[in-house]
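Protein chains in written order, with the working numbering: chain A, 136 to 590; chain B, 29 to 271.
For every residue, glycine included, the Cβ atom is placed at its ideal position computed from N, Cα and C.
Predicted model only: the values in this text are computed from it and were never measured.
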């Protein structure tokens with residue numbers, strides 16, 4: 136099983152860099168998504184204004200989150216939904232496992248949901264004896280391969296067509312082919328059968344509207360529509376930050392999200408689910424359960440700098456734009472959420488103990504901030520986390536080095552002396568062998584600019 | 029106009045010709061240039077690595093040095109270091125004594141190309157250089173200071189230089205300060221995308237506004253035995269000075 140840990144980020148990254156299949160797949164996918172995003176954003180003359188507006192809506196929702204959540208819960212329950220509150224992943228999984236047991240569920244179909252990846256729901260359900268089938272094609276592929284997703288919206292982005300063909304031959308017994316129509320056809324036939332037999336459908340949520348109690352889920356494959364309408368019981372899992380105040384607010388988000396994620400003007404399906412069916416004779420699930428997950432989000436909400444990360448609408452644009460992600464992909468991060476937003480969210484959700492390398496996995500180039508549809512200042516958040524981590528967890532050598540550095544840089548005489556010392560030392564000591572392994576280091580000048588002046 | 033040069037520690041120690049060229053260009057456009065011998069660093073290494081206490085100490089020193097100067101502007105041949113100075117108010121956001129001082133210094137500090145075009149309104153400094161040339165957008169200049177057209181305008185006005193756009197000119201070179209030391213393998217993998225684009229551009233030189241990016245790019249080009257040279261914008265603008 137390919138579940139890496141954030142603790143071994145550097146080793147993970149090195150292994151990823153040596154994987155030519157991975158790097159080929161990443162290069163194709165991230166540049167394609169990046170180009171499409173650019174074109175789609177350019178198709179709207181007011182892109183910048185939309186970003187500002189979206190962020191303002193999110194800020195409003197987050198600064199009155201208690202009120203909007205209450206409103207959402209009241210409206211959803213009035214329409215027949217049952218809302219559950221989960222403080223953490225274990226509670227969320229327990230709620231869902233209990234629901235499955237109560238309803239004598241054997242087969243569960245799931246649509247793509249990063250929140251249930253975050254809680255590792257599949258493992259919990261399987262441990263309770265349930266059969267869980269992922270129905271998003273990408274998620275289905277990685278479920279067959281027993282791997283975690285490597286991208287927020289394109290979970291199997293790290294796989295080439297050839298690798299998927301081999302997987303389908305091994306796992307589904309189909310004759311070897313790399314014809315995409317045949318591959319997707321086989322997945323479709325297999326999944327249709329699961330939809331027909333499933334007792335419970337589990338989905339995520341893109342937006343939860345306080346005003347109406349509606350949950351909104353967008354997709355392209357139609358599997359979410361089936362997951363949320365065919366089985367007897369529908370369970371929707373959402374982070375508490377997904378709530379937005381008004382139905383009209385969707386206008387701006389439905390413009391931004393598909394364009395930022397896949398470069399589409401609109402996804403193929405938008406499902407609006409408000410409570411359960413009105414009449415017994417109507418089609419659709421008998422029960423709708425909404426699980427509201429906190430899992431560290433209240434903690435993020437409490438701080439004015441970290442709060443902005445809760446505005447994230449999980450489009451994945453920052454991953455595609457990130458030079459680090461483009462080279463190493465998602466698995467190396469060893470976390471459910473990879474890339475720049477993952478490096479920001481993961482330490483806050485999971486704590487910094489095991490994830491302290493992630494905020495340093497960035498050159499701080501700012502490309503993520505440029506593409507973010509809700510204008511999250513990711514570099515600022517990375518710096519904020521670094522300032523929390525370095526003084527406590529930095530190596531003793533690094534902490535001492537910066538103390539010494541500050542002494543030298545605040546004393547011109549010391550600075551000049553160390554400049555001379557550096558010139559002598561550079562003949563004997565390689566500054567950083569790892570640096571020099573890839574690049575020639577520029578030698579220190581025989582005379583500094585200070586010494587050249589006046590010119 | 030009287031300007032005070034912040035040469036940056038990198039240029040001071042590793043690439044003095046950038047400082048010399050900056051002075052030449054500034055004088056050519058009519059500036060009186062002063063250089064304070066007590067200057068050191070902008071504090072960026074500590075700020076970016078999460079050592080804010082140390083960053084504040086060095087930033088305070090920077091502020092004191094330039095408060096003592098009556099120069100109208102502080103000019104630096106680095107988008108990255110200028111962006112750092114522009115971040116000073118964030119560093120002192122909770123410090124009512126230092127915040128206004130940080131704001132004043134931040135507002136006085138300019139990156140070279142931005143100073144020439146936005147402040148002095150000079151688009152042609154009378155430089156000449158023969159050959160095919162391209163531009164790498166250094167991240168902080170591009171994204172923190174919004175420098176996109178300024179350097180290109182200056183380069184296009186260099187006599188004899190044929191300017192070509194670099195594929196993905198705005199992509200990071202992978203340097204990122206301590207990032208290049210903490211994760212050298214990733215840093216070089218990112219860098220190689222840039223190197224490939226430069227080689228495909230078929231140029232004699234790649235120009236940028238930051239010595240750090242140029243060290244990164246130049247270090248790899250020389251390791252690979254490439255004939256393409258790296259040049260700071262100040263060096264290009266000082267080239268072939270009119271007599």
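Reduced DSSP secondary structure (H/G/I, E/B, other) of residue i
i, result
"residue 245(A)", "strand"
"residue 67(B)", "coil"
"residue 257(B)", "strand"
"residue 399(A)", "coil"
"residue 466(A)", "helix"
"residue 187(B)", "strand"
"residue 348(A)", "coil"
"residue 131(B)", "helix"
"residue 158(B)", "strand"
"residue 230(A)", "helix"
"residue 354(A)", "strand"
"residue 211(B)", "coil"
"residue 555(A)", "helix"
"residue 44(B)", "helix"
"residue 61(B)", "strand"
"residue 141(A)", "helix"
"residue 336(A)", "strand"
"residue 104(B)", "strand"
"residue 155(A)", "helix"
8 Å contact criterion, which residue i and residue j should meet: CB distance rounded
i, j, result
"residue 166(B)", "residue 109(B)", "11 Å between Cβ atoms; not a contact."
Whole-angstrom distance between residue j and residue i, CA atom to CA atom
i, j, result
"residue 559(A)", "residue 581(A)", "10 Å"
"residue 259(B)", "residue 235(B)", "5 Å"
"residue 584(A)", "residue 151(B)", "27 Å"
"residue 253(B)", "residue 243(B)", "15 Å"
"residue 389(A)", "residue 138(A)", "33 Å"
"residue 246(A)", "residue 107(B)", "46 Å"
"residue 147(B)", "residue 505(A)", "26 Å"
"residue 535(A)", "residue 36(B)", "23 Å"
"residue 286(A)", "residue 451(A)", "7 Å"
"residue 491(A)", "residue 293(A)", "24 Å"
"residue 122(B)", "residue 199(A)", "25 Å"
"residue 112(B)", "residue 516(A)", "16 Å"
"residue 305(A)", "residue 335(A)", "28 Å"
"residue 177(A)", "residue 418(A)", "41 Å"
"residue 173(B)", "residue 352(A)", "38 Å"
"residue 245(B)", "residue 433(A)", "43 Å"
"residue 532(A)", "residue 257(B)", "36 Å"
"residue 480(A)", "residue 187(B)", "50 Å"
"residue 102(B)", "residue 521(A)", "29 Å"
"residue 203(A)", "residue 392(A)", "21 Å"
"residue 149(B)", "residue 32(B)", "18 Å"
"residue 367(A)", "residue 195(A)", "36 Å"
"residue 26(B)", "residue 117(B)", "This structure gives no information on residue 26(B), because the portion of chain B shown stretches from 29 to 271."
"residue 494(A)", "residue 199(B)", "20 Å"
"residue 45(B)", "residue 579(A)", "12 Å"
Buried or exposed by the 16-neighbour rule on C-beta atoms within 10 Å, applied to residue i
i, result
"residue 324(A)", "exposed"
"residue 484(A)", "buried"
"residue 40(B)", "buried"
"residue 146(A)", "exposed"
"residue 215(B)", "buried"
"residue 438(A)", "exposed"
"residue 181(A)", "exposed"
"residue 140(A)", "exposed"
"residue 316(A)", "exposed"
"residue 201(A)", "exposed"
"residue 65(B)", "exposed"
"residue 193(B)", "exposed"
heavy atom of the ligand GDP below 7 Å from residue i C-beta
i, result
"residue 50(B)", "Of the ligands one can find in the structure shown there are none, so the ligand GDP has no counterpart to examine."
Decide if the region 179 to 192 of chain A is in contact with the region 405 to 425 of chain A; the criterion is three or more beta carbon pairs, one per stretch, under 8 Å apart. No, they do not touch.
contact_flag[the region 167 to 174 of chain B, the region 489 to 505 of chain A] where n(CB pairs < 8 Å) is 3 or more: The answer is yes - the region 489 to 505 of chain A touches the region 167 to 174 of chain B, with three or more Cβ pairs under 8 Å.
Taking contact to mean at least 3 C-beta pairs separated by less than 8 Å, is the region 259 to 270 of chain A in contact with the region 365 to 373 of chain A? Too few Cβ pairs lie closer than 8 Å, so no.
Taking contact to mean at least 3 C-beta pairs separated by less than 8 Å, is the region 215 to 232 of chain B in contact with the region 176 to 184 of chain B? They do not touch, by the three-pair rule.
When you compare the region 467 to 481 of chain A with the region 399 to 409 of chain A, are there three or more beta-carbon pairs, one atom per stretch, that lie closer than 8 Å? With a cut-off of 8 Å, the region 399 to 409 of chain A and the region 467 to 481 of chain A do not count as touching, because too few Cβ pairs lie within range.
When the Cβ atoms of the region 294 to 305 of chain A are set against those of the region 151 to 168 of chain A, are three or more pairs found closer than 8 Å? Remark: three or more beta-carbon pairs, one from each stretch, lie closer than 8 Å, so the region 294 to 305 of chain A and the region 151 to 168 of chain A are flagged as touching.
The region 343 to 350 of chain A in contact with the region 380 to 388 of chain A per 3-pair CB rule at 8 Å: Using a C-beta cut-off of 8 Å, the region 343 to 350 of chain A makes contact with the region 380 to 388 of chain A, since at least three inter-stretch Cβ pairs fall below that distance.
Tell me whether the region 201 to 215 of chain A and the region 225 to 244 of chain A touch, counting them as touching only if at least three CB pairs, one residue from each stretch, are closer than 8 Å. Three or more Cβ pairs closer than 8 Å define a contact, and the region 201 to 215 of chain A falls short of that threshold against the region 225 to 244 of chain A.
So does the region 219 to 232 of chain A actually touch the region 249 to 257 of chain A, counting three or more Cβ pairs closer than 8 Å? Contact holds: three or more Cβ-Cβ distances are below 8 Å.
Taking three-plus beta-carbon pairs below 8 Å as touching, is the region 163 to 183 of chain A in contact with the region 451 to 462 of chain A? With a cut-off of 8 Å, the region 451 to 462 of chain A and the region 163 to 183 of chain A count as touching, because enough Cβ pairs lie within range.
Are the region 45 to 56 of chain B and the region 75 to 85 of chain B touching, with three or more C-beta to C-beta distances below 8 Å? With the cut-off at 8 Å, the region 45 to 56 of chain B and the region 75 to 85 of chain B do not touch.
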